[in-house]
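In our numbering, the protein residues as written are 448 to 761.
Heads up: the structure comes next, in structure tokens.
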């Protein structure tokens with residue numbers, strides 16, 4: 448099999464050599480490329496592949512059309528909205544993902560954002576550097592807050608457990624898991640959940656159901672004192688509506704790790720000009736530990752495919 452990796456997996460070469468050595472010993476070819484957004488170069492690199500591996504770079508339909516031998520797409524990421532999955536399935540191409548590798552990393556950044564916003568850590572840092580005091584920036588405790596979660600998959604459930612450890616009451620939107628029941632979590636319709644929550648966490652995949660789920664109308668149902676944290680997908684939130692809510696004081700703060708496009712985001716992006724916002728450039732999934740786990744999962748996926756027992760299929 449001709450196996451082509453279209454972008455770095457962010458692991459050191461020693462680990463990469465360890466993972467690829469058995470493939471090469473079995474007679475498979477493995478070629479790793481640095482990421483490029485040039486369509487023609489992507490096509491040239493991918494055209495003869497039997498297996499394509501990639502992380503979160505968009506795989507455009509034109510590239511897939513050019514891959515006449517392709518049998519398997521191995522995505523080193525949890526979300527798959529950047530890959531034309533329906534087009535692949537129509538051609539009988541199997542698709543898998545690396546679900547589970549970033550559960551801890553995303554959950555921990557989510558908690559970090561909550562605490563940073565509640566305790567106003569960035570503002571306190573600036574005050575300290577500028578020789579000022581805490582006056583006017585005394586924050587709030589997480590303990591006793593009501594946390595609403597949109598998407599109670601592995602990451603959402605991990606965040607629920609961490610928030611419960613802080614003494615929070617947990618609500619969840621029932622639109623994605625209507626039949627799911629969990630001890631200590633109350634499932635509600637979206638607006639009812641938003642109205643009761645002090646902090647809203649987004650952990651759902653990007654689908655037509657979730658696109659712009661948090662729009663101006665949804666934001667109007669949130670408490671003026673509430674926080675919104677999005678470590679899911681950018682288009683789940685209407686960015687302009689969120690910016691308007693923050694700047695008008697209808698929402699107290701937001702932590703945003705994901706956007707409509709992959710960072711760098713343009714300086715004109717509405718969320719770059721907001722009050723009380725914490726922005727990070729899509730880093731929630733990226734820790735040293737999660738990158739190693741991701742690599743192990745995707746190569747395990749690959750070996751299962753080559754053995755005729757594919758796993759983690761989308």
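Beta carbons are placed, not taken as given, at the ideal position from N, Cα and C, and that holds for glycine.
Could you compute how far the alpha carbon of residue i sits from the alpha carbon of residue j?
i: residue 655; j: residue 682; result: 10 Å
i: residue 475; j: residue 749; result: 12 Å
i: residue 639; j: residue 592; result: 16 Å
i: residue 613; j: residue 588; result: 9 Å
i: residue 679; j: residue 467; result: 31 Å
i: residue 751; j: residue 533; result: 22 Å
i: residue 657; j: residue 637; result: 11 Å
i: residue 615; j: residue 459; result: 39 Å
i: residue 525; j: residue 652; result: 9 Å
i: residue 759; j: residue 545; result: 7 Å
i: residue 478; j: residue 517; result: 15 Å
i: residue 493; j: residue 590; result: 51 Å
i: residue 743; j: residue 579; result: 48 Å
i: residue 685; j: residue 457; result: 31 Å
i: residue 690; j: residue 711; result: 18 Å
i: residue 606; j: residue 619; result: 11 Å
Do residue i and residue j have their C-beta atoms within less than 8 Å of each other?
i: residue 699; j: residue 671; result: yes
i: residue 650; j: residue 597; result: yes
i: residue 661; j: residue 648; result: no
i: residue 486; j: residue 454; result: no
i: residue 490; j: residue 553; result: no
i: residue 543; j: residue 761; result: yes
i: residue 535; j: residue 520; result: yes
i: residue 539; j: residue 566; result: no
i: residue 556; j: residue 757; result: no
i: residue 641; j: residue 665; result: yes
i: residue 564; j: residue 702; result: yes
i: residue 644; j: residue 599; result: no
Could you give the C-beta distance for residue i and residue j, rounded to a whole number, given that I count them as a contact under 8 Å?
i: residue 718; j: residue 725; result: Not really, about 10 Å apart at Cβ, beyond 8 Å.
i: residue 694; j: residue 721; result: 6 Å
i: residue 709; j: residue 503; result: 7 Å
i: residue 631; j: residue 617; result: 6 Å
i: residue 498; j: residue 451; result: 7 Å
i: residue 704; j: residue 745; result: Contact flag wrong, Cβ pair sits at about 22 Å.
i: residue 514; j: residue 496; result: 6 Å
Could you give the DSSP three-state label for residue i: helix, strand or coil?
i: residue 737; result: helix
i: residue 477; result: strand
i: residue 463; result: helix
i: residue 523; result: coil
i: residue 750; result: helix
i: residue 482; result: coil
i: residue 451; result: strand
Could you give the uninterrupted runs of the alpha helix (DSSP H) lying entirely in the stretch 626-704, keeping only those of 4 residues or more? Listed in chain order, the complete alpha helix (DSSP H) runs (minimum 4 residues) inside the stretch 626-704 are 637-643, 663-667, 686-694.
Minimum length 3: unbroken beta strand (DSSP E) runs contained in the stretch 541-595: Runs found: 541-543.
Continuous alpha helix (DSSP H) assignments of at least 4 residues falling wholly in the stretch 489-517: Runs of the alpha helix (DSSP H) inside the stretch 489-517: 508-513.
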